[in-house]
Amino acid sequence: MAPLQQGGGQRRSHLPQVARIGGLSGLGTANNLRHRLLKQAGVSPSDYRRAFPPA
Numbered sequence: 010m011a012p013l014q015q016g017g018g019q020r021r022s023h024l025p026q027v028a029r030i031g032g033l034s035g036l037g038t039a040n041n042l043r044h045r046l047l048k049q050a051g052v053s054p055s056d057y058r059r060a061f062p063p064a
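Residues in the sequence shown are numbered consecutively from 10, following the numbering used here.
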């Protein structure tokens, strides 16, 4: 959580990835992906990444 407290660097570093996933998923944008993830799963992309880190 330290990167978020230090100016939000973590969110910025993942922005291209979130935008890419938003586009590939058919949602179009990172904002649409964030909105849907929050609405459907109740978590932000950052919370999701923390809960399910890459293998």
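Every residue, glycine too, gets a C-beta built ideally from N, C-alpha and C.
*With burial defined as no fewer than 16 other Cβ atoms inside 10 Å of the residue's Cβ, what is the status of Gly-35: buried or exposed?*
Classification of Gly-35: exposed, given that the 10 Å Cβ count is below 16.
_Straight-line gap, Gly-31 to Leu-46 (C-alpha atoms, nearest Å)_ = 10 Å
*Take Ala-50 and list the residues in its own chain whose beta-carbon comes closer than 8 Å to its own, dropping the five residues that flank it on each side.*
Tyr-57
*In this structure, does DSSP put Ala-64 in helix, strand or coil?*
Here Ala-64 sits in coil by DSSP.
*Could you please give the first and the last residue of the uninterrupted alpha helix (DSSP H) stretch that includes Leu-36?*
Here Leu-36 belongs to no alpha helix (DSSP H), and DSSP marks it neither H nor E.
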